[in-house]
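K.L.:
Below you'll find the structure I mean.
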Amino acid sequence: MTTYIDLSSPEELYIDLINQVASIKKKRSVEFNDTEYQRLLGEQRAPEFLSKLITSESEFILKESDKEIESFFNIILTVLHKLENEAINIISQKIRDVLSASPNEKSNLKIKLLTNLFNSFSPKSPMRYEVFYVLVKLASESGNIEFVKYQTNNLDTWLDDWSASIPQKRKIYKLISTIFKEKNSMISHKFLVKYLNTFNKEDAGEAQEESVRACIESISLQELFQSDYLLDLVAIGYLETSSNPKHKLTYELMKIFATEQLDSFIAFQSRNPSFLTDIGLKEEDCLQKIRLLSLATLTSEDASVSYASISKSLQIDEDKVEMWVIDAIASDLIDAKLDQLNRVVHVNSSTQRVFNKAQWTQLGLRIDAWRSSVKNLLQVIDTAKTTQIKPFYWQSR
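Put into structure tokens, the structure is as follows:
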């Protein structure tokens, strides 16, 4: 938290603000009348004084050097937290409005000043949310995308600290998703999913367009191979029973890529030949991805898979199998070795596309097997320890 050391009384600092504005306007040959400011101070109406000062004079202040601008706003921050909470909220809003206007002008300095405002509130203050939202928006509008990316690392913890409401969470998640939609699709998708996760049965219908977008992205993002998490979202599930045919088909297609294999996709495509184009997907890209996903499923079922089995599952010529296996390895879908002599793929590990009851059962069996192996090994060690081995001594004649 940023600390501002009070070397002067609030009254002296208010006068410093007036004098700073007067000096700037004099330098610019602009008339300045401080009568109204003096009246407000005389009536001890500090909140009204600061509101008027920020609203009326920031246009001139922001044309000055970075040092003068920072000095002006730091004085305001010094006196801000001496006010009542309601006044603090009002003044904070004024500062946010002024600094978020014209985002491409002195953007780095404005980001710094908003960061100072953010840090002036205690870590769990709900006011931090309002400042953070404007800060993220300003940074994105001025092209500081890396700043936004860095700030999202602790967002969920912060939202809990600030006791953010559901509408507030939706607002910030949707903003970040929109910011990264063109710049970093994976981050965009991540925050879109967070947004959708805030909906329940009562309001899931409000997020149909965003749900459709999430489904399409789960297919179009070539680096995204696990999307079964979408099936757990109420907002996504709403599409399955939607009265909109397009929404229902989008859900069906998403589910194929999340849990099924190539033959299901081909059947879907034959029933709906123009649907991929309608939602902005390319059949070639979809086939590429579903084949890789099908290979991941096939290799998760057996430690060794023949070229012939892969050829049949992926519906490709057998001489293309090695290329697809190499692609799957490069995509981190599987860890395997090619046995070209025996035309077999030996699998070390494979991405588990879905983790449900069947997978839990399989995991349980493996753990039982490991436990049994460890138990047997310990028994061997114990036996070795308790066995008395007589030492052998060489005796010469």
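Taken in order, the sequence shown gives residues 1 to 397; the numbers are from full-length UniProt numbering. We treat Cβ as the ideally placed atom computed from N, Cα and C, and that holds for glycine. The structure displayed is predicted, hence computed values, not measured ones.
Since I believe Val-79 is in contact with Tyr-14 (beta carbons under 8 Å), could you give me their beta-carbon distance rounded to a whole number of angstroms?
P.N.:
Here residue 14 refers to the residue found at position 14 when the sequence shown is read from its first residue. Here residue 79 refers to the residue found at position 79 when the sequence shown is read from its first residue. Indeed, because the Cβ distance is near 7 Å, the residues count as touching under 8 Å.
K.L.:
Apply the 10 Å Cβ neighbour rule to Val-347 and answer buried if 16 or more other Cβ atoms are within range, or exposed otherwise.
P.N.:
By 1-based counting over the sequence shown, the position of residue 347 is 347. Its Cβ being crowded by 16 or more others within 10 Å, Val-347 is buried.
K.L.:
Which term fits Arg-96, buried or exposed, when burial requires 16 or more other beta carbons within 10 angstroms of its beta carbon?
P.N.:
The residue labelled residue 96 in the question sits at position 96 within the sequence shown. By the C-beta density criterion, Arg-96 is buried, having at least 16 other C-beta atoms within 10 angstroms.
K.L.:
Could you pull the start and end residues of the alpha helix (DSSP H) that His-346 belongs to?
P.N.:
Locating residue 346 in the sequence shown gives position 346, counting from the first residue. Counting along the chain, His-346 falls outside any alpha helix (DSSP H), though it belongs to the beta strand (DSSP E) covering 344 to 350.
K.L.:
If Leu-249 sits next to Phe-275, beta carbons under 8 Å apart, how far is it from one beta carbon to the other, in whole angstroms?
P.N.:
Looking up residue 249 in the sequence shown gives position 249. Looking up residue 275 in the sequence shown gives position 275. Going by Cβ atoms, the distance from Leu-249 to Phe-275 rounds to 6 Å, so yes, they are a contact pair.
K.L.:
Would you list the one or two residues that DSSP bridges to Leu-338?
P.N.:
Against the sequence shown, residue 338 aligns to sequence position 338. Val-345.
K.L.:
Helix, strand or coil: which one does DSSP assign to Val-354?
P.N.:
The residue labelled residue 354 in the question sits at position 354 within the sequence shown. Val-354 sits in coil when the DSSP states are folded into three classes, being neither helix nor strand.
K.L.:
Put Ser-306 into one of helix, strand or coil per three-state DSSP.
P.N.:
Counting from 1 along the sequence shown, the entry for residue 306 is found at position 306. It is a strand residue.
K.L.:
If I'm right that Ser-51 touches Lys-94 with Cβ under 8 Å, what's the distance once you round it to whole angstroms?
P.N.:
Stepping through the sequence shown from its first residue, residue 51 is reached at position 51. Stepping through the sequence shown from its first residue, residue 94 is reached at position 94. The Cβ separation is near 6 Å, so the contact holds.
K.L.:
Rounded to whole angstroms, what is the Cα-Cα separation between Tyr-238 and Gln-269?
P.N.:
Residue numbering aside, residue 238 sits at position 238 when the sequence shown is read from its first letter. Residue numbering aside, residue 269 sits at position 269 when the sequence shown is read from its first letter. Approximately 23 Å between the Cα atoms of the pair.
K.L.:
What number of angstroms, rounded off, separates the C-alpha of Thr-383 from the C-alpha of Ile-367?
P.N.:
Mapped onto the sequence shown, residue 383 falls at position 383. Mapped onto the sequence shown, residue 367 falls at position 367. Our two residues, Thr-383 and Ile-367, have alpha carbons roughly 24 Å apart in a direct line.
K.L.:
Quick check: the Cα distance between Ser-306 and Tyr-133, rounded to an integer number of angstroms?
P.N.:
Walking along the sequence shown from the start, residue 306 turns up at place 306. Walking along the sequence shown from the start, residue 133 turns up at place 133. One C-alpha to the other measures close to 54 Å.
K.L.:
Just how far apart, CA to CA, sit Ala-328 and Ala-258?
P.N.:
Residue mapping note: residue 328 aligns to position 328 of the sequence shown, counting from 1. Residue mapping note: residue 258 aligns to position 258 of the sequence shown, counting from 1. Roughly 16 Å separates the two Cα atoms.
K.L.:
Mark Gln-261 as exposed unless 16 or more other C-beta atoms lie within 10 angstroms of its C-beta, in which case mark it buried.
P.N.:
Sequence index remark: in the sequence shown, residue 261 carries index 261 (1-based). Classification of Gln-261: buried, given that the 10 Å Cβ count is 16 or more.
K.L.:
Could you tell me which of Leu-224, Gln-222, Phe-191 and Glu-223 sits nearest to Ser-211, measuring between CA atoms?
P.N.:
Walking along the sequence shown from the start, residue 211 turns up at place 211. Of the candidates Leu-224, Gln-222, Phe-191 and Glu-223, the one whose C-alpha sits nearest the C-alpha of Ser-211 is Phe-191.
K.L.:
Are the beta-carbon atoms belonging to Asn-104 and Ser-142 less than 8 Å from one another?
P.N.:
Taking the first residue of the sequence shown as position 1, residue 104 is located at position 104. Taking the first residue of the sequence shown as position 1, residue 142 is located at position 142. Note that the C-beta distance between Asn-104 and Ser-142 is below 8 Å.
K.L.:
How big is the Cα-Cα spacing for His-189 and Lys-181?
P.N.:
In the sequence shown, residue 189 corresponds to position 189, counting from 1. In the sequence shown, residue 181 corresponds to position 181, counting from 1. Straight-line Cα distance between these residues: approximately 8 Å.
K.L.:
Tell me the rounded alpha-carbon separation between residue 421 and Asn-108.
P.N.:
Examination of residue 421 is not possible in this model, given that the chain is present from 1 through 397 alone.
K.L.:
Given this structure, state the Cα-to-Cα distance separating Phe-147 from Ile-326, to the nearest angstrom.
P.N.:
If you number the sequence shown from 1, residue 147 lands on position 147. If you number the sequence shown from 1, residue 326 lands on position 326. If you take the alpha carbons of Phe-147 and Ile-326, they lie about 36 Å apart.
K.L.:
Can you list, in chain order, the residues of its chain whose CB lies under 6 Å from that of Ile-290, leaving out five sequence neighbours each side?
P.N.:
Here residue 290 corresponds to residue number 290 of the sequence shown, with the count starting at 1. Excluding sequence neighbours, Ile-290 sits near Leu-262 and Phe-265.
K.L.:
If you scan the region 118 to 163 from start to end, which runs of the alpha helix (DSSP H) of 4 or more residues do you find wholly inside it?
P.N.:
127 to 141, 145 to 151 and 155 to 161
K.L.:
What residues in its chain sit with their C-beta under 6 Å from that of residue 435, if we drop five residues either side in the sequence?
P.N.:
The structure shown does not extend to residue 435, since the chain is modelled only from 1 to 397, so the question has no answer here.
K.L.:
Would you kindly report the start and end of the unbroken alpha helix (DSSP H) that includes Gly-280?
P.N.:
For the purposes of this step, residue 280 is identified with residue 280 of the sequence shown, where counting begins at 1. According to the DSSP assignment, Gly-280 belongs to no alpha helix (DSSP H), since it is labelled neither H nor E.
K.L.:
Would you kindly work out how many angstroms separate the C-alpha atoms of Asp-302 and Ile-310, rounded to a whole number?
P.N.:
To locate residue 302, count along the sequence shown from 1; it is residue 302. To locate residue 310, count along the sequence shown from 1; it is residue 310. Cα to Cα, Asp-302 sits roughly 12 Å from Ile-310.
K.L.:
Identify whether Met-1 lies in helix, strand or coil by the three-state DSSP scheme.
P.N.:
By one-based count along the sequence shown, residue 1 stands at place 1. Note that Met-1 has pLDDT 45, beneath the 50 cutoff, so the model's placement of it is unreliable and no number is given.
K.L.:
Enumerate in chain order the residues of its own chain whose CB-to-CB distance from Ser-349 is below 6 Å, with the five nearest sequence positions on each side excluded.
P.N.:
Within the sequence shown, numbered from 1, the residue matching residue 349 stands at position 349. For Ser-349, where only same-chain residues beyond five positions count, the Cβ hits under 6 Å are Asp-335.
K.L.:
Looking only at C-alpha atoms, which of Lys-137, Ala-235, Met-186 and Ser-185 sits nearest to Lys-171?
P.N.:
Locating residue 171 in the sequence shown gives position 171, where the first residue counts as 1. Answer by Cα proximity: Lys-137.
K.L.:
Anyone know if the C-beta pair for Asp-161 and Lys-124 falls short of 8 Å?
P.N.:
Counting from one through the sequence shown, the residue named residue 161 turns up at place 161. Counting from one through the sequence shown, the residue named residue 124 turns up at place 124. Here Asp-161 is near Lys-124, since their CB atoms are less than 8 Å apart.
K.L.:
Helix, strand or coil: how does DSSP classify Leu-62 here?
P.N.:
As a working note, residue 62 is residue 62 in the sequence shown. Coil at Leu-62, not helix or strand.
K.L.:
So, is Val-374 buried or exposed, given that buried needs 16 or more other C-beta atoms within 10 angstroms?
P.N.:
Here residue 374 refers to the residue found at position 374 when the sequence shown is read from its first residue. By the neighbour-count rule (16 or more Cβ atoms within 10 Å), Val-374 is not buried but exposed.
K.L.:
Mind reading off the beta-carbon distance from Ile-24 to Glu-64? Whole number of angstroms is fine, and I expect it under 8 Å.
P.N.:
The residue given as residue 24 occupies position 24 in the sequence shown. The residue given as residue 64 occupies position 64 in the sequence shown. Between Glu-64 and Ile-24 the Cβ distance is about 6 Å, and since that is below 8 Å, they are a contact.
K.L.:
With a floor of 4 residues, list each alpha helix (DSSP H) that falls wholly inside the region 68 to 124, ordered by position along the chain.
P.N.:
Those alpha helix (DSSP H) runs which fall completely within the region 68 to 124 and span 4+ residues are 85 to 100 and 107 to 120.
K.L.:
Comparing alpha-carbon positions, which option in Phe-225, Asn-184, Ser-227 and Lys-169 lies nearest Phe-199?
P.N.:
The residue you call residue 199 lines up with position 199 of the sequence shown. The candidate whose alpha carbon is nearest that of Phe-199 is Lys-169.
K.L.:
Taking just the CA atoms, how far does Ile-61 sit from Trp-158?
P.N.:
As a first step, residue 158 is located in the sequence shown; it is residue number 158 there, counting from the start. As a first step, residue 61 is located in the sequence shown; it is residue number 61 there, counting from the start. Their backbone Cα atoms lie some 32 Å apart in a straight line.
K.L.:
With a Cβ-Cβ cutoff of 8 Å, do Glu-217 and Ser-165 count as a contact?
P.N.:
Locating residue 217 in the sequence shown gives position 217, where the first residue counts as 1. Locating residue 165 in the sequence shown gives position 165, where the first residue counts as 1. No. Outside cutoff.
K.L.:
Quick check on Ile-5: buried or exposed, where buried means 16 or more other Cβ atoms within 10 Å of its Cβ?
P.N.:
In the sequence shown, the residue the question calls residue 5 occupies position 5. Any reading at Ile-5 must be qualified, since the residue scores a pLDDT of 49, below 50, and its modelled position is unreliable; no value is offered.
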